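In the working numbering, the protein residues as written are 2 to 546.
We put the beta carbon where it would ideally sit given N, CA and C, even for glycine.
What you are looking at is a predicted structure, and each value in this text was computed from that prediction instead of being measured.
Read through the structure below, which is laid out as structure tokens, and then see the notes.
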Amino acid sequence: MTVSNHPEARIQALIKRDEFVPVPTSLISYQSNGHIIVIGDSADLALAHNMTLDLPISLILVSDVKGESVPTNAIYLADRTLDIAGYLGNFRVTLTDSSGSTEVVSADLVLDLNTQAIKNIEILPPGYLHRNIQEIGVKALSQELGEMTGTFEKPKYFNYDVSICAHGVNGVQFCTQCIDACPADAIISLGDKIEVNPFLCQGGGTCATACPSGAIRYVYPSLADSGNQVRKMLQTYREQGGQQPIVVFYSDDESEVLEENILSSHREILPVKVEEIASVGMDLCLSTLVYGASQVMLLTSHSAPKSSLEVMERQLSWVKAMLVGLEINSERISITNNIADNIDLLSENQQPIGSWQIKPAIYAMPDNKRNAIYQAIDHLYQQSTKQQEQIELPAGAPFGTVTIDSESCTLCLACVGACPGKALQDGSNREVPEVFFIESNCIQCNVCTLTCPEQAIEIAPRIIFDREKRNRSRALNQDSPFDCISCGKAFAPTSVINKMTEKLKDHYMFQGANAMSRLKMCADCRVVDIVQDDAAMNGRFDSLN
Numbered sequence: 002m003t004v005s006n007h008p009e010a011r012i013q014a015l016i017k018r019d020e021f022v023p024v025p026t027s028l029i030s031y032q033s034n035g036h037i038i039v040i041g042d043s044a045d046l047a048l049a050h051n052m053t054l055d056l057p058i059s060l061i062l063v064s065d066v067k068g069e070s071v072p073t074n075a076i077y078l079a080d081r082t083l084d085i086a087g088y089l090g091n092f093r094v095t096l097t098d099s100s101g102s103t104e105v106v107s108a109d110l111v112l113d114l115n116t117q118a119i120k121n122i123e124i125l126p127p128g129y130l131h132r133n134i135q136e137i138g139v140k141a142l143s144q145e146l147g148e149m150t151g152t153f154e155k156p157k158y159f160n161y162d163v164s165i166c167a168h169g170v171n172g173v174q175f176c177t178q179c180i181d182a183c184p185a186d187a188i189i190s191l192g193d194k195i196e197v198n199p200f201l202c203q204g205g206g207t208c209a210t211a212c213p214s215g216a217i218r219y220v221y222p223s224l225a226d227s228g229n230q231v232r233k234m235l236q237t238y239r240e241q242g243g244q245q246p247i248v249v250f251y252s253d254d255e256s257e258v259l260e261e262n263i264l265s266s267h268r269e270i271l272p273v274k275v276e277e278i279a280s281v282g283m284d285l286c287l288s289t290l291v292y293g294a295s296q297v298m299l300l301t302s303h304s305a306p307k308s309s310l311e312v313m314e315r316q317l318s319w320v321k322a323m324l325v326g327l328e329i330n331s332e333r334i335s336i337t338n339n340i341a342d343n344i345d346l347l348s349e350n351q352q353p354i355g356s357w358q359i360k361p362a363i364y365a366m367p368d369n370k371r372n373a374i375y376q377a378i379d380h381l382y383q384q385s386t387k388q389q390e391q392i393e394l395p396a397g398a399p400f401g402t403v404t405i406d407s408e409s410c411t412l413c414l415a416c417v418g419a420c421p422g423k424a425l426q427d428g429s430n431r432e433v434p435e436v437f438f439i440e441s442n443c444i445q446c447n448v449c450t451l452t453c454p455e456q457a458i459e460i461a462p463r464i465i466f467d468r469e470k471r472n473r474s475r476a477l478n479q480d481s482p483f484d485c486i487s488c489g490k491a492f493a494p495t496s497v498i499n500k501m502t503e504k505l506k507d508h509y510m511f512q513g514a515n516a517m518s519r520l521k522m523c524a525d526c527r528v529v530d531i532v533q534d535d536a537a538m539n540g541r542f543d544s545l546n
């Protein structure tokens with residue numbers, strides 16, 4: 002794609018980008034006194050024993066290498082299992098034998114010299130070094146370990162709002178997307194909610210990207226900060242005569258892929274560095290598009306965690322479906338490890354955005370994930386020539402509809418009480434018992450379908466582009482109110498009473514006419530009737546009642 006741009010456009014845009022200062026967040030502190038646990042075979046431990054460190058070292062021998070002597074102070078693993086827990090300044094290595102007896106070694110650092118890391122996760126904890134001492138050498142490794150003593154700080158990267166979390170309801174787990182996505186194993190379940198260990202969290206951002214409700218938010222930088230940084234950068238680029246800007250998000254791991262010859266030959270590329278590439282979700286991608294980017298790229302490297310890439314690809318499939326529904330070239334937002342190929346891919350299409358132009362948005366970036374997505378969609382839909390009201394989305398998308406089988410539903414409202422997004426709402430304060438639904442609130446978490454005792458609910462992923470219809474409350478099921486046969490007060494849906502009397506008609510406690518009649522009374526009248534019924538008060542439930 003050949004674009005004629007004023008040479009100052011990118012310079013001024015990047016100056017504006019670099020003026021951005023994120024809102025500070027709280028800090029997480031680590032204290033390391035330099036006690037090291039070294040785990041390896043006899044050959045590696047023999048080398049490690051020669052490290053020139055004035056620090057306490059504990060050696061754990063996992064296997065012997067023929068001809069190698071073992072340091073006399075080594076702890077033998079033998080037939081015991083080994084478990085490593087903790088982080089910089091607070092590691093515990095537990096060795097357990099077949100009888101359950103344990104030996105615990107505590108330390109500030111773990112140096113794992115095994116071919117495969119003993120702790121099998123994609124992002125190892127801070128202070129856990131998996132190294133090949135044969136390749137690195139004793140001197141270099143000694144220097145690296147020596148620099149890991151003292152006090153260290155990092156930002157707290159996340160905030161968690163339990164009130165909108167769909168993880169669990171009444172002790173039953175439903176959504177585990179953040180737990181499944183975290184490459185650092187920093188998130189665990191605590192029943193109805195989750196807990197993020199701030200000492201293990203390293204700011205990967207995959208949890209916030211995967212979370213359908215926005216219960217976990219990335220806060221350094223926040224979504225609002227990142228979006229407004231991009232908005233001001235693109236606005237400056239346009240003001241300086243720049244055209245068809247390509248925004249490339251990258252992190253330190255991908256910086257080497259941003260080759261100087263690519264940047265020099267494509268002045269339309271505006272690189273934006275982020276803490277971790279997986280923190281850039283569909284909210285920021287779509288917003289970058291509506292703020293004036295002709296193309297948005299997420300630049301990855303081969304070292305990116307597999308779980309993070311899977312989350313990013315899944316999100317991209319939802320975004321692409323939305324763009325196609327709006328008649329926008331779906332390749333305008335992409336994940337790549339080769340910028341040049343992606344630019345060449347679009348070179349045949351000289352139109353900056355599919356078949357129509359977008360007037361850049363000027364609104365400030367919201368800090369709420371779903372609000373950011375909806376605002377971007379609304380901006381695109383208002384300018385779309387197709388004006389398609391809604392489209393289906395791929396499975397797993399956090400937007401969609403709910404249907405209720407009125408024949409099975411008893412309007413018990415269990416689904417309403419369980420819904421974390423308040424998409425399902427109680428209409429019982431009206432004259433007619435109803436369940437209402439607001440589609441913009443639905444995160445497709447399946448809580449309602451799994452909570453419904455009658456299995457009367459189904460969900461389906463889709464996006465309604467029309468904002469008014471998306472936000473409108475609509476009835477999914479309604480019933481006529483049942484009036485108490487004693488006082489005449491409406492107290493329950495008719496379908497509930499009918500189903501209850503049908504199921505209990507053969508029960509020994511409801512063989513008498515009085516007992517069956519009480520099922521059709523409100524709570525107050527039921528109590529009065531029982532008190533006046535000697536048989537019921539004396540616990541007799543035969544047909545003489």
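- Out of 37, 234, 462 and 101, the CA that lies nearest to the CA of residue 130 is found in 37.
- Counting only residues of its own chain and dropping the five nearest sequence neighbours on each side, residue 157 has a CB closer than 6 Å to the CB of 26, 27, 29 and 199.
- Taking C-beta atoms as the reference points, residue 192 and residue 172 count as a pair closer than 9 Å.
- About 14 Å separates the beta carbon of residue 139 from that of residue 56, a gap too long to meet the 8 Å contact definition.
- Distance from the CA of residue 186 to the CA of residue 242, rounded to the nearest whole angstrom, comes to 47 Å.
- Contact between residue 163 and residue 448 is absent: CB atoms are separated by about 15 Å, not below the 8 Å threshold.
- Counting only runs that start and end inside the segment 36 to 74, the beta strand (DSSP E) elements of at least 3 residues fall at 37 to 41 and 58 to 62.
- Beta-bridge partners of residue 15 (DSSP): none assigned.
- Taking C-beta atoms as the reference points, residue 313 and residue 340 fail to come closer than 9 Å.
- Counting along the chain, no beta strand (DSSP E) covers residue 358, and no H or E run does either.
- For residue 390, the closest alpha carbon among the candidates 167, 513, 503 and 327 is that of 327.
- With contacts defined by Cβ atoms closer than 9 Å, residue 376 and residue 248 do not form a contacting pair.
- If you check the CB distance, residue 457 and residue 393 do not come in under 9 Å.
- A check of alpha carbon separations from residue 331 across 305, 80, 379 and 298 identifies 298 as the nearest.
- In this structure, residue 211 keeps its C-beta atom at 9 Å or more from the C-beta atom of residue 174.
- In the three-state reduction of the DSSP assignment, residue 229 falls in the helix class, which pools H, G and I.
- When the five nearest sequence neighbours on each side are left out, the beta carbons in the same chain lying within less than 6 Å of the beta carbon of residue 445 are those of 399, 401, 460 and 462, in order along the chain.
- The residue from 451, 411 and 474 with its alpha-carbon nearest to that of residue 167 is 451.
- Excluding residues up to 5 positions away in sequence, 241 and 242 lie with their Cβ nearer than 8 Å to the Cβ of residue 9 in the same chain.
- With respect to the 9 Å criterion, residue 381 and residue 437 are not classified as neighbours on the basis of their beta carbons.
- Pairing residue 440 with residue 425, the inter-Cα distance amounts to about 9 Å.
- Residue 87 counts as buried, since at least 16 other C-beta atoms from the protein chains shown sit within 10 angstroms of its C-beta.
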